[in-house]
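With numbering that gives the first Met the number 0, letter number 81 in the sequence shown gets 80, and the count goes up by one each step, no holes.
Note that CB positions come from ideal geometry on N, CA and C, so glycine has one too.
Keep in mind it's a predicted model, so treat the numbers as computed, not measured.
One structure is given below, encoded as structure tokens.
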Amino acid sequence: MLSRIALRKHPYPFKASLAICNDLDGFAFENFIELHRFLNTQTNTSLGTGLNLEIGDSFWMYCVDSDVSCAFSYFEGLSDEPSPYADAISKLVRAGYLDCLHTYGNFNQYGGFRRSYAEKAFAEMERRGMRVRTWVDHGDMHNFQNINYLGGMRERSIGGGVFTKIVEYHTDLCKKFGIKFYWPMIVTPLIGQGRRIGFRDIARSRNRRKWLAGSLLLYGVLRMMPHGVLERRPVLLRKKDQLGLLVENPLIYKRTLASGDKVYCFQRYGDWFSDGADSLGKTLSAENLGRLIETGGSSVVYVHMARKPAGCRGILPDAAVSAFKRIAGHYNAGNIYVTTTSRLLTFHMATENLAWRATSHGGRTVIDIDMVRDDIDGDFVPAVDDLQGITFYTGDPANTSIRLAGEVLDGTVCNPHDDTGRASVSIPRTHLKFPESL
Ligand SMILES: [Zn+2]
């Protein structure tokens with residue numbers, strides 16, 4: 000029955016998806032690597048036996064002053080010289096673990112970013128095969144490279160019809176390089192994006208009032224939060240847009256920057272005012288992870304893991320270690336798909352925009368994937384690698400083939416019934432391989 004063919008929201012058998020999207024601010028290289036050995040391998044580490052998850056991180060190409068939010072960077076300072084960390088950063092980017100460019104570097108307090116730094120960074124990344132598709136804005140007002148700021152602004156009016164060029168503009172270079180997903184400093188306090196919020200609360204209203212009641216309800220709840228989430232400027236942009244976004248609750252949304260460039264942005268889930276490592280104890284509490292599963296949503300978690308409570312001597316506070324163990328438990332139980340930010344966003348965009356059709360050929364069901372619809376950068380045929388985990392419900396998995404642009408995909412996996420009572424067929428997932436030496 001072709002009518003029973005449907006695209007599953009998450010890779011089989013998972014019910015929800017999660018990525019940890021850490022900003023590396025303040026991380027010493029040795030601690031950073033030790034943390035990722037704990038998260039991404041099965042070796043013994045100072046934090047315990049590795050959890051063997053697929054958790055990515057962010058990186059910098061430059062660092063203006065190592066005393067200000069110091070962390071390691073690819074280049075030595077602002078120079079052309081690779082730092083002692085360049086090879087390790089390059090390996091981790093190519094392995095898929097460093098998957099977010101946390102802007103080009105840390106320009107806190109000093110400023111000084113220019114477009115030429117972007118050109119130099121991308122040329123080097125291109126030369127070394129360091130492909131990255133996710134951008135995360137960073138830091139204080141001196142970070143002119145932020146796309147939410149001068150980085151996403153081509154020119155500026157100085158009156159009388161006269162415009163000056165913005166020398167920090169670079170978003171066109173990002174797009175040309177292949178950066179697809181951008182984070183312009185919006186944090187939602189609700190876990191589980193890609194689904195409407197407050198539905199149960201507004202179930203008794205009708206038509207337009209449903210949406211209105213939900214909006215007002217959410218607004219009221221957010222205003223009552225201790226830190227006044229909606230009252231602080233960094234997360235606001237324009238209040239109405241921000242409110243609308245929180246109510247709509249997408250994971251990925253389209254935005255036109257001041258430059259006129261159209262980009263795909265994503266929200267992160269977390270606590271803007273308490274974003275250190277120990278905040279993971281609350282943001283990823285058993286209750287919140289349960290809610291994530293219940294809603295069937297996807298979240299990209301906002302955190303600065305190098306920020307630790309006073310007195311914490313280890314790399315991570317116990318609350319964070321426990322949170323990661325909870326995540327690992329849900330991953331191993333087949334509840335929550337845990338992967339890198341870029342992989343999660345790529346999967347989410349594909350499932351939301353996949354153009355596919357099912358036909359019957361001599362008693363066999365064939366699912367043809369034609370393309371991913373993309374009305375910003377143009378429709379495209381995805382690489383198989385970017386479709387991994389894509390799962391279709393089908394009445395007879397063993398008798399169902401998946402074709403991509405007309406070619407039958409080998410090695411598709413048949414899955415038994417899940418909790419909806421339906422069987423399915425999947426494009427297999429691969430696990431990233433953590434580099435053995437760094
Ligand atoms: Zn940062």
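- Under the three-state reduction of DSSP, residue 173 is assigned to helix.
- At a Cβ-Cβ threshold of 7 Å, residue 151 and residue 163 do not count as neighbours.
- For residue 166, the secondary structure class from DSSP, reduced to helix, strand or coil, is coil.
- Following the DSSP letters along the chain, one finds residue 297 inside the beta strand (DSSP E) bounded by residues 297-302.
- Comparing alpha-carbon positions, the option among 403, 183, 154 and 350 lying closest to residue 139 turns out to be 183.
- The secondary-structure analysis by DSSP pairs residue 251 across a beta bridge with 265.
- Buried is the label assigned to residue 258, since at least 16 other Cβ atoms lie within 10 Å of its Cβ.
- The beta-carbon distance between residue 255 and residue 180, rounded to whole angstroms, is 16 Å. This is too long to meet the 8 Å contact definition.
- By the neighbour-count criterion, in which a residue is buried when 16 or more other Cβ atoms sit within 10 angstroms of its Cβ, residue 97 is buried.
- Any heavy atom of ligand 1 counts here; residues with a Cβ closer than 6 Å to one of them, in chain order, are 22, 24, 101, 137 and 138.
- Taking C-beta atoms as the reference points, residue 298 and residue 192 count as a pair closer than 7 Å.
- Counting along the chain, residue 51 sits inside no alpha helix (DSSP H), nor does DSSP assign it H or E at all.
- Per DSSP, reduced to three states, the secondary structure at residue 370 is strand.
- Looking at the backbone, the Cα of residue 114 and that of residue 167 are separated by about 5 Å.
- DSSP places residue 354 inside the beta strand (DSSP E), whose first and last residues are 353-360.
- Residue pairing by DSSP places residue 271 opposite no residue, since no beta bridge is assigned to it.
- When C-beta atoms of the stretch 337-351 are compared with those of the stretch 302-320, fewer than three pairs fall below 8 Å, so the two segments do not count as touching.
- Judged by DSSP secondary structure, residue 154 falls within the beta strand (DSSP E) whose first and last residues are 154-156.
- Secondary structure note for residue 322: its alpha helix (DSSP H) is the uninterrupted segment 317-331.
- Below 8 Å, too few C-beta pairs join the stretch 102-109 and the stretch 31-39 to call them touching: fewer than three.
- Under the three-state reduction of DSSP, residue 402 is assigned to strand.
- Secondary structure at residue 382: coil, using DSSP grouped into helix, strand and coil.
- Exposure of residue 397 is indicated by the presence of fewer than 16 other C-beta atoms within 10 angstroms of its C-beta.
- By the criterion of a C-beta distance shorter than 7 Å, residue 110 is surrounded in its chain by 141 and 143, once the five residues flanking it on both sides are discounted.
- Counted as a single uninterrupted DSSP element, the beta strand (DSSP E) harbouring residue 390 occupies residues 390-392.
- Contact check between the stretch 399-406 and the stretch 21-37: fewer than three CB pairs, one atom from each, fall below 8 Å, which does not count as touching.
- In the DSSP assignment, residue 181 falls within the beta strand (DSSP E) that extends over 180-182.
- Classified as exposed, residue 418 has fewer than 16 neighbouring CB atoms from the shown chains inside 10 Å of its CB.
- Bridge pairing for residue 20: 301 [DSSP].
- For residue 56, the secondary structure class from DSSP, reduced to helix, strand or coil, is strand.
- In this chain, the alpha helix (DSSP H) harbouring residue 88 covers 85-93.
- When secondary structure is reduced to three states using DSSP, residue 108 falls in the coil class, being assigned neither helix nor strand.
- Segment contact: the stretch 2-22 against the stretch 52-61, three or more CB-CB distances shorter than 8 Å; contact assigned.
- Shown here, residue 192 sits in a strand according to DSSP, grouped into three states.
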